[in-house]
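Trainee: Questions regarding the structure given below will be posed in turn.
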Amino acid sequence: MPSTSTDTCPLCSNDEHEDWIQCAPCKQWYHTFCLNIPKFDISSIVSFHCPKCVPKHGSSTYKRKSKRSKVSVDYQALNEGDMFAVDKNNHFHLGHFLKFEGKPDISIIDVFTKSYALESKMEKPILIPQADLKKHGMKFPILKEKIDIDYITDVCGEDTGLEVMDVISQQSVSPAWNLKKWQTYFNTEEEKRDRIRNVISLEVSDTTLGKGFKRPDCVEEMDLVDKVWDKQDPNKRSKVTKYCLMSVKNSFTDFHIDFGGTSVYYTICRGAKSFLMFPPTDDNLEIYTQWCNDSHQNFKWYPDYEITKNKKKLKPINGFKVTLQPGDLFIIPSGWIHAVHTPQDSIVIGGNYITIRDMKMQLKINDIEKITKVPTKFRFPMFNKVLWLSAWYYYNHQDEFMEDIGESEDDGYEILDKLIIHLQGHLELSKTNVTAKKSIPNSVGNKPQLFLDKLSAWKETLR
Numbered sequence: 001m002p003s004t005s006t007d008t009c010p011l012c013s014n015d016e017h018e019d020w021i022q023c024a025p026c027k028q029w030y031h032t033f034c035l036n037i038p039k040f041d042i043s044s045i046v047s048f049h050c051p052k053c054v055p056k057h058g059s060s061t062y063k064r065k066s067k068r069s070k071v072s073v074d075y076q077a078l079n080e081g082d083m084f085a086v087d088k089n090n091h092f093h094l095g096h097f098l099k100f101e102g103k104p105d106i107s108i109i110d111v112f113t114k115s116y117a118l119e120s121k122m123e124k125p126i127l128i129p130q131a132d133l134k135k136h137g138m139k140f141p142i143l144k145e146k147i148d149i150d151y152i153t154d155v156c157g158e159d160t161g162l163e164v165m166d167v168i169s170q171q172s173v174s175p176a177w178n179l180k181k182w183q184t185y186f187n188t189e190e191e192k193r194d195r196i197r198n199v200i201s202l203e204v205s206d207t208t209l210g211k212g213f214k215r216p217d218c219v220e221e222m223d224l225v226d227k228v229w230d231k232q233d234p235n236k237r238s239k240v241t242k243y244c245l246m247s248v249k250n251s252f253t254d255f256h257i258d259f260g261g262t263s264v265y266y267t268i269c270r271g272a273k274s275f276l277m278f279p280p281t282d283d284n285l286e287i288y289t290q291w292c293n294d295s296h297q298n299f300k301w302y303p304d305y306e307i308t309k310n311k312k313k314l315k316p317i318n319g320f321k322v323t324l325q326p327g328d329l330f331i332i333p334s335g336w337i338h339a340v341h342t343p344q345d346s347i348v349i350g351g352n353y354i355t356i357r358d359m360k361m362q363l364k365i366n367d368i369e370k371i372t373k374v375p376t377k378f379r380f381p382m383f384n385k386v387l388w389l390s391a392w393y394y395y396n397h398q399d400e401f402m403e404d405i406g407e408s409e410d411d412g413y414e415i416l417d418k419l420i421i422h423l424q425g426h427l428e429l430s431k432t433n434v435t436a437k438k439s440i441p442n443s444v445g446n447k448p449q450l451f452l453d454k455l456s457a458w459k460e461t462l463r
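Numbering (full-length UniProt numbering), first residue to last: 1 to 463.
What follows is the structure in structure tokens.
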């Protein structure tokens with residue numbers, strides 16, 4: 001760093017950030033973090049122009065890329081009838097993703113706590129840059145920066161089966177791979193990989209990696225299944241808490257909502273991730289639902305998708321991008337619509353959790369999954385059983401209900417009202433559906449209708 005008067009970043013009041021960049025015209029130094037410039041973009045900048053100099057000197061200049069880049073035809077996709085998938089090196093939506101502009105509308109904080117989650121109502125995604133593990137109660141079996149594909153293969157086992165996604169088709173590879181085969185692929189040099197593949201669903205709770213990893217305290221405090229699941233239940237609780245995501249450069253996951261409207265925690269061990277996010281407004285969710293049901297969904301860019309409502313044309317609004325670096329902790333609230341790009345080979349630990357606070361949104365997403373015919377295996381495991389257990393738990397621990405939702409009694413009334421309506425519908429289904437009947441836990445007793453009546457009576461006291 002120079003020692004002149006231009007050595008203090010004008011966008012912040014501290015010197016905690018290590019990466020700097022200097023404006024070529026005015027010689028002012030800036031933190032790349034404050035400018036929201038990803039580390040992997042810095043090397044491509046030839047001459048940086050700060051916001052104050054852009055009007056006079058123009059935008060920053062970048063290294064020129066050849067316009068004659070080779071396109072590798074995806075004959076596999078063509079054989080499967082995908083007439084639009086012609087380049088197997090990049091998903092055809094990636095260009096749209098990279099060009100998308102929108103100022104990040106997120107909350108950047110130092111520590112993620114339950115009190116913050118309840119007070120803020122988690123209306124925005126939450127970023128904790130370079131999260132302090134001790135402050136969050138997080139633990140890794142080894143230093144997180146040492147968690148690589150070889151370590152994962154060693155502690156999870158070479159023969160572990162895993163679902164591998166073909167990025168171009170967004171479909172699972174068949175037959176399934178094992179971890180040893182994935183390790184070989186992941187360690188292959190980028191230019192020698194035959195296709196772009198991605199692993200986003202390896203649940204590691206029962207492995208050395210999972211047992212040595214502890215989720216953030218706040219996540220564990222709010223996780224509804226942790227609170228209500230009967231440890232004596234012969235069925236183990238749903239395994240969605242600890243995923244290891246292993247993505248090679250240019251992996252892309254198209255727009256989706258996490259199953260069951262779950263919230264997500266996401267911590268970067270290696271590499272980087274970029275998210276393009278849209279809030280779960282009523283209009284955005286309605287557009288998303290119609291987009292999912294479009295027979296040509298795979299070839300239509302969600303941010304440009306239009307529907308007609310009340311004689312007006314609607315498109316998704318308020319979208320923005322967020323890029324994560326190693327050490328960052330990211331919290332995605334319930335219902336957010338997002339696509340993900342991997343600019344570098346990356347390894348991430350993350351997981352999903354249901355909360356009582358987000359029950360209205362979770363039930364809304366559950367309805368969307370039914371409308372869009374999401375297969376059962378891609379939904380939250382034992383969702384209805386968890387809801388019955390939650391209703392039973394809070395009926396018997398009413399003092400905890402308001403503490404866990406952090407809302408007014410009117411909001412508590414609405415949450416219970418939506419929950420009761422859902423459970424009443426599930427109870428009716430159970431009269432003719434064996435699977436639905438089995439998902440009503442024994443703790444509710446032999447008269448679930450009587451329990452719902454009692455639950456309704458409690459709800460009325462919250463008016």
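Note that CB positions come from ideal geometry on N, CA and C, so glycine has one too.
1) Using alpha carbons as the reference points, say which of 61, 458, 235 lies closest to residue 398.
2) Helix, strand or coil for residue 73 per DSSP?
3) Near residue 298, which residues of its chain fall below 7 Å by C-beta distance, leaving aside the five closest residues on each side in sequence?
4) Note the first and the last residue of the continuous alpha helix (DSSP H) segment covering residue 313.
5) Need the endpoints of the alpha helix (DSSP H) that residue 269 sits in, please.
6) Going residue by residue through the segment 212-239, where are the continuous alpha helix (DSSP H) segments of at least 4 residues, counting only ones entirely within it?
7) Report the rounded CA-to-CA distance for residue 224 versus residue 44, giving the unit in angstroms.
8) Would you please state the rounded distance, in angstroms, between the beta carbons of residue 269 and residue 145? I believe it to be under 8 Å.
9) Would you report the Cα separation of residue 259 and residue 114, rounded to the nearest angstrom?
10) Between which two residues does the alpha helix (DSSP H) containing residue 151 stretch?
11) In chain order, what residues of the same chain have a beta carbon less than 8 Å from the beta carbon of residue 180, not counting five sequence neighbours either side?
12) Nearest-angstrom Cα distance between residue 127 and residue 230?
13) Spatial neighbours of residue 12 within its chain, please: C-beta separation below 8 Å, excluding the five flanking residues on both sides.
14) Would DSSP call residue 305 helix, strand or coil?
15) Provide the residue span of the alpha helix (DSSP H) that contains residue 418, from first to last.
16) Work out the CA separation of residue 333 and residue 279 for me, nearest whole Å.
17) With 16 as the cutoff for other CB atoms within 10 Å, does residue 349 come out buried or exposed?
18) When burial is assigned at 16 or more other CB atoms within 10 Å of the CB, is residue 473 buried or exposed?
19) Check whether the Cβ atoms of residue 335 and residue 119 sit closer than 8 Å, and answer yes or no.
20) Considering only residues of the same chain and omitting the five flanking positions on each side of residue 360, which have a CB-CB separation below 7 Å?
21) Give me, in chain order, the residues of the same chain whose beta-carbon lies closer than 7 Å to that of residue 68; leave out the 5 immediate sequence neighbours on both sides.
Mentor: To lay it out plainly:
1) 458
2) For residue 73, the predicted structure reports a pLDDT of 47, less than 50, and the residue's modelled location is therefore unreliable. A value from the coordinates is still provided. Coil, per DSSP.
3) 170
4) No alpha helix (DSSP H) contains residue 313, which is instead part of the beta strand (DSSP E) from 312-314.
5) From DSSP, residue 269 is part of no alpha helix (DSSP H) but of the beta strand (DSSP E) over 263-278.
6) 217-222, 224-228
7) 45 Å
8) Between residue 269 and residue 145 a beta carbon distance of about 7 Å is seen, short of the 8 Å cut, so the two are scored as contacting.
9) 22 Å
10) 149-156
11) 153, 158, 159
12) 33 Å
13) 31, 34
14) coil
15) 409-430
16) 9 Å
17) buried
18) In the structure displayed, the chain extends from 1 to 463; residue 473 sits before or after that span and is not available.
19) Against a cut-off of 8 Å, the Cβ pair of residue 119 and residue 335 comes out as no contact.
20) 414, 415, 418
21) Its pLDDT being 39, under 50, residue 68 is placed unreliably by the model, and nothing is read from it.
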